[in-house]
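Remarks on the structure that follows.
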Amino acid sequence: MPPLNFSIILPLLVLTVWACLLLLVDLFVKNKGITALLAALGLAISLGITLSQVGATGTSFNNMVVLDGFSTFVNALLLVSGLFGIALAYGYVKRMGIERGEYYTLLLFSVVGMMLMAQAADLIIVFLALEMLSIPLYVLAAFARPNVNSEEAGLKYFLLGAFSTGFVVYGIALVFGATRTTSLAGIVSAANAASSGTSSLLLLTIGSALILVGLGFKVAAVPFHMWTPDVYQGAPSAVTAFMAAGAKIAGFAALLRVFSLAFPSLASDITPIIAVISALTMIVGNIIAIAQTNIKRLLAYSSIAHAGYILMAFVPYGQKGVVATSVAAGLFYLVSYALTNFGAWAVVIALEKAEGNPSTGSGQRGLEIADYAGIGRKHPALAAAMTVFMFSLTGIPPTLGFVGKFYLFRAAIAGQFYLLAVIGVLTSLISAYYYLRVVVTMYMREGEPETTSEPWLNLTWGLAAVLTVIVSLVPAPLFDWASQAVLKLF
Amino acid sequence: MIPINYYIALSAILFTIGALGVLVRRNPLIIFMSIELMLNAANLAIVAFTRVYQILEGQIFVFFVMTVAAAEVAVGLALIVAIFRTKHSINIDEMNNLKG
Amino acid sequence: MTPDLIAFFVLALIAIAAALGMLLGRNVVYSALFLVLNFGTVAVFYILLDAPFIALTQVSVYAGAIMVLFLFVIMLLGTETLPVSKALPWQRPLAFVLALILAGEAGYLLFFRKVTSGTIPQPVQTFGSPQAVGQALFNQYLLPFEVTSVLLLIAMVGAIVLTIKEKGGQGK
């Protein structure tokens, strides 16, 4: 057997070992804040290794994992998301009384799973990575037990996730039946040589459709979004923030690897489906969000809507000339979304209060939009940051969200999906209503809000707000990096 | 020799029954059992393909699916037990605290 | 009708009947036991398909460990008898449409398409044996193997975190 090249997966290897050691160290540490800092250190080290791998490529372990520009980009984004996740959780878990060292180790393991997903070159690894990133999230969603909302969220997320896994596995089974291999590279060559009879093409198409359904559940696209708002609302806010960003990034990495790389020849069949899902998701997510009064549910539906926008980047994947820029636009939008997402949730956490009766689940106050009244006056910095995030989510300049949407719509038009771009613009306009309603409540209404001020929390929303504005003024370097990352793939 | 189509059809039928179970039943335990049925159906399809194409890879994948199913069961049942301890009921229809 | 075919149809019938029994059972314990029967018949199919190692794994892991765990939890929770509950009104029709679509696909595959052509060659004696599987597992599939072991660790940690009772802390 040829010698194994561990450097291909060095970042996630380091992180795995670090997480296992952290499990042990956590036994001897009384102050769980130290566990959090150690976890963050592990993420930082892994991030350093990832950045040192920029430009490197290779495959390893019998071609099961691959290292390329795309995986490096996504890994870096995931590690930064993990760091934000810890920053948000640091004070939050103590405040809510759910502090346990395992929170951080589970978070690290989930990040490892997501990174593995970004580097997958074989359907077996895609499947294992999917499970590895999901199982810690099921546990984390229910972390605030015996709070019944959290436990319900955990159970619903689990049932939804396991159901989607069933679809993914059956899809892989059919693809394997059609192409006789699970390696993505092998599938490409087998699919291109689809002169092996129409029946295997049928199996391949059905199999890939099932995988699409399974991954659709993961990124909460419509019509697979059934319990997602309940999960986002019930889980602890720090967990939801991490889940919303991380699972989406990993899900899109999976979609890219599996569909753009492995099934380009099926583009004519699959593209209309993805276009319809994207349009439905944008429409449904934005329209239902209008009626929400709970900020967590609002952000949940907003998250669903943004999945729709990002799916737009995958629609032209069959068209050779357009696919690179559109996927780069998708990556760019993922960065913008992750940043804005963590910032907005940081503000939500700052306002969330721990009172209430845990076993009936009522009374976690500070989570209705009405509770945001008066922040403009009392905590101007916080209000300004939230305004930036709301603008960014709507797509109003000068924020990263605006630049991201601009790139996305441009890509959709270049791929001649004019209707999709129009739907995107219209739904963005609709979304302005509920995003700006929060801003209006903050500045125009009177109220006595109580906020929590913690160093890491403040750092999170402050940094996110600053970056959202500044990077939007010079988007070129980030977009170039994203384009470089994607270039070698197509 | 039994044509492979028969096995695929059987696995498709079992998969459908599993999916139906998830959508129609209200008890999380039965929903979970239906999901296991779905995974099992997929395994059957893979092993059938493996037999036809003589590629051992499929059986390895089935091995991994079984292990992952076991891991999921551990976590899922722990979740169900945790909920039961709090609510003393595990009827999905009663889990509507979060409807908004 | 060769004996092979008869055996297949009998077993298939048992498997489907067991699955339906699990689906429609009013008593959770009966559903679990029907599922065990289903897993057993699938294990027999695996043996017919020259996958002895997988068949034994199916019996020991699926029927032997997973379903036993299910039965433990069912007994622990005392949910042996279920009150009759109704599903959401739109789900039944949707479920039946889904069932018809998938069953239609199954019928289509069964009767109109040949997925393979020609005769299926007999594999070598050691195909699917533990040696063959083990060889592949530790050579080509080392990475998934290690990832699976980490996954089991995660599941353990998760299950304990969810159910542990602190001394005077959270948990009731």
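Residue numbers (this note's numbering), protein chains in the order written: chain A, 475 to 964; chain B, 967 to 1066; chain C, 230 to 401. Built from N, CA and C at the ideal position, the CB exists for glycine as well.
Unbroken alpha helix (DSSP H) run spanning residue i, endpoints
i: residue 531 (chain A); result: First-last for residue 531 (chain A): undefined, no H or E at that position.
i: residue 577 (chain A); result: 576–592
i: residue 771 (chain A); result: 769–786
i: residue 698 (chain A); result: Segment: none, residue 698 (chain A) is in no alpha helix (DSSP H) and carries neither H nor E.
i: residue 610 (chain A); result: 597–615
i: residue 702 (chain A); result: 702–708
i: residue 626 (chain A); result: 622–653
i: residue 303 (chain C); result: 296–306
i: residue 982 (chain B); result: 970–990
i: residue 722 (chain A); result: 711–729
i: residue 364 (chain C); result: 359–368
i: residue 733 (chain A); result: Looking at the DSSP string, residue 733 (chain A) is not in any alpha helix (DSSP H), and its letter there is neither H nor E.
i: residue 291 (chain C); result: Here residue 291 (chain C) belongs to no alpha helix (DSSP H), and DSSP marks it neither H nor E.
i: residue 196 (chain C); result: Chain C is shown from 230 up to 401; residue 196 (chain C) falls before or after that span and cannot be answered.
i: residue 1017 (chain B); result: 994–1019
i: residue 256 (chain C); result: Here residue 256 (chain C) belongs to no alpha helix (DSSP H), and DSSP marks it neither H nor E.
Partners in chain C for residue i, counting only beta-carbon separations shorter than 7 Å
i: residue 574 (chain A); result: 390
i: residue 968 (chain B); result: 233, 234, 237
i: residue 490 (chain A); result: 379
Closer than 7 Å at the beta carbon, the chain B residues around residue i
i: residue 370 (chain C); result: 1026
i: residue 248 (chain C); result: 980, 983, 1003
Buried or exposed (CB count within 10 angstroms, at least 16 for buried), residue i
i: residue 1049 (chain B); result: buried
i: residue 831 (chain A); result: For residue 831 (chain A), the pLDDT reaches just 45, beneath the cut-off of 50, and the residue's location in the model is therefore unreliable, leaving the point undetermined.
i: residue 485 (chain A); result: buried
i: residue 1038 (chain B); result: buried
i: residue 527 (chain A); result: buried
i: residue 504 (chain A); result: exposed
i: residue 790 (chain A); result: buried
i: residue 368 (chain C); result: exposed
i: residue 247 (chain C); result: buried
i: residue 312 (chain C); result: The predicted position of residue 312 (chain C) is uncertain, since its pLDDT is 49 and thus under 50; a value taken from the coordinates is nonetheless stated next. Burial call: exposed.
i: residue 576 (chain A); result: buried
i: residue 363 (chain C); result: exposed
i: residue 770 (chain A); result: buried
i: residue 256 (chain C); result: exposed
i: residue 853 (chain A); result: buried
i: residue 709 (chain A); result: buried
Chain-ordered neighbours of residue i on chain C, where CB pairs are closer than 8 Å
i: residue 1146 (chain B); result: The structure shown does not extend to residue 1146 (chain B), since chain B is modelled only from 967 through 1066, so no value can be given for it.
i: residue 590 (chain A); result: 376
i: residue 606 (chain A); result: 376, 379, 380, 383
i: residue 602 (chain A); result: 373, 376, 377, 380
i: residue 598 (chain A); result: 370, 373
Range covered by the beta strand (DSSP E) that runs through residue i
i: residue 541 (chain A); result: 539–541
Contact test: residue i Cβ vs the ligand GTP heavy atom, cutoff 7 Å
i: residue 268 (chain C); result: This structure lacks the ligand GTP; in fact it carries no ligand of any kind.
Residue i: contacting residues in chain A (beta-carbon distance under 9 Å)
i: residue 1005 (chain B); result: 636, 639, 640, 643, 644
i: residue 386 (chain C); result: 497, 576, 579, 580, 583, 610, 613
Neighbouring residues, chain B, relative to residue i (Cβ below 8 Å)
i: residue 609 (chain A); result: 1037, 1038, 1041
i: residue 571 (chain A); result: What residue 571 (chain A) touches in chain B: nothing, since even the nearest Cβ is about 15 Å away.
i: residue 367 (chain C); result: Under the 8 Å cutoff, chain B gives no residues; its nearest Cβ is about 11 Å from residue 367 (chain C).
i: residue 327 (chain C); result: 982, 985, 986, 989
Under 7 Å by beta carbon: chain D residues contacting residue i
i: residue 994 (chain B); result: You won't find chain D in this structure, because its protein chains are A, B and C.
Closer than 9 Å at the beta carbon, the chain C residues around residue i
i: residue 1031 (chain B); result: The contacting residues do not exist; residue 1031 (chain B) stays about 10 Å from chain C at best.
Within chain A, the residues that residue i reaches when beta carbons sit closer than 8 Å
i: residue 1046 (chain B); result: 629
i: residue 1008 (chain B); result: 640, 643, 644, 646, 647
Contact set between residue i and chain A, taken where Cβ atoms lie within less than 7 Å
i: residue 988 (chain B); result: 637
Neighbouring residues, chain B, relative to residue i (Cβ below 9 Å)
i: residue 357 (chain C); result: 1013, 1016, 1017, 1022, 1025
Cβ-based contacts, 7 Å cut-off: residues of the segment 613–625 of chain A near chain B: Those would be 613, 616, 619, 620, 622, 623, 625, in chain order.
Give me the subset of the segment 741–762 of chain A whose CB atoms are less than 7 Å from a CB atom of chain C, sorted by chain position. Taking 7 Å as the upper bound on Cβ-Cβ separation, chain C lies near no residue of the segment 741–762 of chain A.
Members of the segment 373–384 of chain C that neighbour chain A once the beta carbon cut-off is set at 8 Å: Correct list: 373, 376, 377, 379, 380, 382, 383, 384.
Residues of the segment 654–665 of chain A with Cβ closer than 8 Å to any Cβ of chain B, in chain order: Correct list: 654, 655, 656.
Taking only beta carbons into account, state which residues of the segment 512–542 of chain A come closer than 9 Å to chain C, listed in chain order. Residues passing the 9 Å Cβ filter: 534, 535, 536, 538, 539.
Give, in chain order, every unbroken run of the alpha helix (DSSP H) that is at least 4 residues long and sits entirely within the segment 480–528 of chain A. Counting only runs of 4 or more, we get 484–502, 506–526.
Could I get the ranges of all uninterrupted alpha helix (DSSP H) runs contained in the segment 845–928 of chain A, with 4 residues as the minimum, in chain order? Along the length of the segment 845–928 of chain A, whole alpha helix (DSSP H) runs at least 4 residues long occupy 849–852, 854–868, 874–888, 892–918, reported in chain order.
When Cβ atoms are compared, which residues of the segment 852–886 of chain A fall closer than 7 Å to chain B? Per Cβ criterion, the list is empty.
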